[in-house]
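Novice: In UniProt numbering, the protein residues as written are 1 to 225.
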Amino acid sequence: MKLLQNWTRFEKIWLLSFTTIQFILYFWWQQHLIDLICALSNMLCVVLVAKGRLENFFFGMIATSLYAYISYHNQIYGEAMLSGLFYFPMQFIGLYFWLKHREKTTKQSDVQIKQLSIQGWGIMLPLVCICALGYAELLAYLNAQQVHLDSFTVVICIFAQILMTLRYTEQWLLWMSANILGMIIWVNAENYAMVMMTCASLFNSLYGWLHWKKQTKQSASVTSN
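(1) Where does residue 102 fall in DSSP's three states?
(2) For residue 114, name the three-state secondary structure that DSSP assigns.
(3) Counting along the chain, where does the alpha helix (DSSP H) carrying residue 86 start and finish?
(4) Hey, how far is the Cα of residue 17 from the Cα of residue 204?
(5) Which residues bound the alpha helix (DSSP H) around residue 9?
(6) Return the first residue and the last residue of the alpha helix (DSSP H) that residue 171 is part of.
(7) Grab me the residues of residue 128's own chain with a C-beta within less than 7 Å of its C-beta, minus the 5 sequence neighbours each way, in chain order.
(8) Identify, in the order they occur along the chain, each residue of the same chain with its Cβ nearer than 8 Å to the Cβ of residue 167, setting aside the five sequence neighbours on each side.
(9) For residue 168, write down the residues that DSSP places opposite it in a beta bridge.
(10) Are the beta-carbon atoms belonging to residue 195 and residue 183 less than 7 Å from one another?
(11) Under 7 Å, do residue 68 and residue 41 count as touching if we go by C-beta distance?
(12) With burial defined as no fewer than 16 other Cβ atoms inside 10 Å of the residue's Cβ, what is the status of residue 211: buried or exposed?
(13) Out of 93, 197 and 44, point me to the one whose CA is closest to residue 165's CA.
(14) What number of angstroms, rounded off, separates the C-alpha of residue 193 from the C-alpha of residue 44?
(15) On the DSSP letters alone, give me the boundaries of the alpha helix (DSSP H) that residue 56 sits inside.
(16) Taking residue 42 as part of the alpha helix (DSSP H), name the residues at either end of that continuous run.
(17) Between residue 169 and residue 214, how many whole angstroms is the CB-CB distance? I'm expecting something under 8 Å.
(18) If you count every other CB in all the chains shown that lies within 10 Å of the CB of residue 70, and 16 or more means buried, which is it?
(19) Excluding the five sequence neighbours on either side, which residues of its own chain have a C-beta within less than 6 Å of the C-beta of residue 201, listed in chain order?
(20) On the CB-based measure, 16 or more other CB atoms within 10 Å of its CB, does residue 122 come out buried or exposed?
(21) For residue 144 and residue 78, which I take to be in contact (beta-carbon distance under 8 Å), what is that distance rounded to the nearest angstrom?
(22) What is the DSSP secondary structure of residue 140, reduced to helix, strand or coil?
(23) Cβ of residue 26 within 7 Å of Cβ of residue 15?
What follows is the structure in structure tokens.
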């Protein structure tokens, strides 16, 4: 199967384990089918991003559209707008940028990887705080639930998605932060399928960080040689 080419045994077991857990929780908690499809699509998307594979965008389109619906149904309007109005169209933009910068020196990844500078962090972090506080005011006006958690999660995710589209390794640090906040949001909303999805995304983001750092070192070694 082409999708699983160049996967290690650990990666296959990892994917199978989380898929099995999602199915068990789906039947145990009697969740809606849309929750299961969203969770599985999101997990595949994150794993494929971690491996630098272009196929991630297909699963991203499915996951973001379903997540927007689920969030809207739970009155978490910030997450709904993030997924429907930002994440979904960004799948097409990201696919364009990744196709434009395909990696030709390794079979491990489809895309060339970059690193964010200290100056980049210095610009990004204040922007995250300012945008999150401003967005919280809008969510409060809309009578949304969990306003500040929602606003910071949304803004962090936006910056993470931008870094992902531009192929920066540091995206994974933002994804991990957003996943932790997202877990708190869904625990409060008592939607445990989404809790499990964000938990899986958190572990996948950690793996993505380690994998992209490894790829960066390998690329630097190839360049120096």
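Beta carbons are placed, not taken as given, at the ideal position from N, Cα and C, and that holds for glycine.
Specialist: On the basis of the data shown:
(1) For the purposes of this step, residue 102 is taken as residue 102 along the sequence shown, with counting starting at 1. Correct three-state label for residue 102: strand.
(2) Residue mapping note: residue 114 aligns to position 114 of the sequence shown, counting from 1. Correct three-state label for residue 114: strand.
(3) Translated into the one-based positions of the sequence shown, residue 86 becomes position 86. First-last for residue 86: undefined, no H or E at that position.
(4) On the sequence shown, residue 17 is found 17 positions in, with the first residue counted as 1. On the sequence shown, residue 204 is found 204 positions in, with the first residue counted as 1. Taking the straight line from one Cα to the other gives about 12 Å.
(5) Here residue 9 corresponds to residue number 9 of the sequence shown, with the count starting at 1. It spans 9-28 - the alpha helix (DSSP H) in which residue 9 sits, taken as one unbroken run.
(6) For the purposes of this step, residue 171 is taken as residue 171 along the sequence shown, with counting starting at 1. Its alpha helix (DSSP H) spans residues 171-188.
(7) Locating residue 128 in the sequence shown gives position 128, counting from the first residue. Cβ within range, chain order: 155, 156 and 159.
(8) Reading the sequence shown from its first residue, position 167 is the one you call residue 167. Cβ neighbours of residue 167 beyond the five flanking positions: 97, 98, 101, 111, 112, 113 and 114.
(9) Taking the sequence shown and counting its residues from 1, the one referred to as residue 168 is at position 168. As computed with DSSP, residue 168 is found in a beta bridge with 114.
(10) Locating residue 195 in the sequence shown gives position 195, where the first residue counts as 1. Locating residue 183 in the sequence shown gives position 183, where the first residue counts as 1. Yes, these two residues count as a Cβ contact at 7 Å.
(11) Position 68 of the sequence shown holds residue 68. Position 41 of the sequence shown holds residue 41. No, the pair does not count as a contact, with Cβ atoms beyond the cut-off.
(12) Here residue 211 refers to the residue found at position 211 of the sequence shown. By the neighbour-count rule (16 or more Cβ atoms within 10 Å), residue 211 is buried.
(13) On the sequence shown, residue 165 is found 165 positions in, with the first residue counted as 1. That would be 93, whose Cα lies nearest to the Cα of residue 165.
(14) Locating residue 193 in the sequence shown gives position 193, where the first residue counts as 1. Locating residue 44 in the sequence shown gives position 44, where the first residue counts as 1. Between residue 193 and residue 44, the C-alpha separation is close to 15 Å.
(15) For the purposes of this step, residue 56 is identified with residue 56 of the sequence shown, where counting begins at 1. Annotation for residue 56: the continuous alpha helix (DSSP H) segment containing it runs 56-73.
(16) As a working note, residue 42 is residue 42 in the sequence shown. Residue 42 -> alpha helix (DSSP H) spans 33-50.
(17) Position 169 of the sequence shown, counted from the start, is the residue given in the question as residue 169. Position 214 of the sequence shown, counted from the start, is the residue given in the question as residue 214. The Cβ separation is near 10 Å, so there is no contact.
(18) The residue you call residue 70 lines up with position 70 of the sequence shown. Label assigned to residue 70: buried.
(19) On the sequence shown, residue 201 is found 201 positions in, with the first residue counted as 1. Hits under 6 Å: 46 and 179.
(20) One-based indexing of the sequence shown puts residue 122 at position 122. Taking a 10 Å sphere around the C-beta of residue 122, we find fewer than 16 other C-beta atoms and assign the residue as exposed.
(21) As a working note, residue 144 is residue 144 in the sequence shown. As a working note, residue 78 is residue 78 in the sequence shown. About 6 Å separates the beta carbon of residue 144 from that of residue 78, a gap short enough to meet the 8 Å contact definition.
(22) Taking the first residue of the sequence shown as position 1, residue 140 is located at position 140. For residue 140, the secondary structure class from DSSP, reduced to helix, strand or coil, is helix.
(23) What you label residue 26 is simply residue 26 of the sequence shown in a count that begins at 1. What you label residue 15 is simply residue 15 of the sequence shown in a count that begins at 1. Residue 15 is positioned such that its CB atom lies no closer than 7 Å to that of residue 26.
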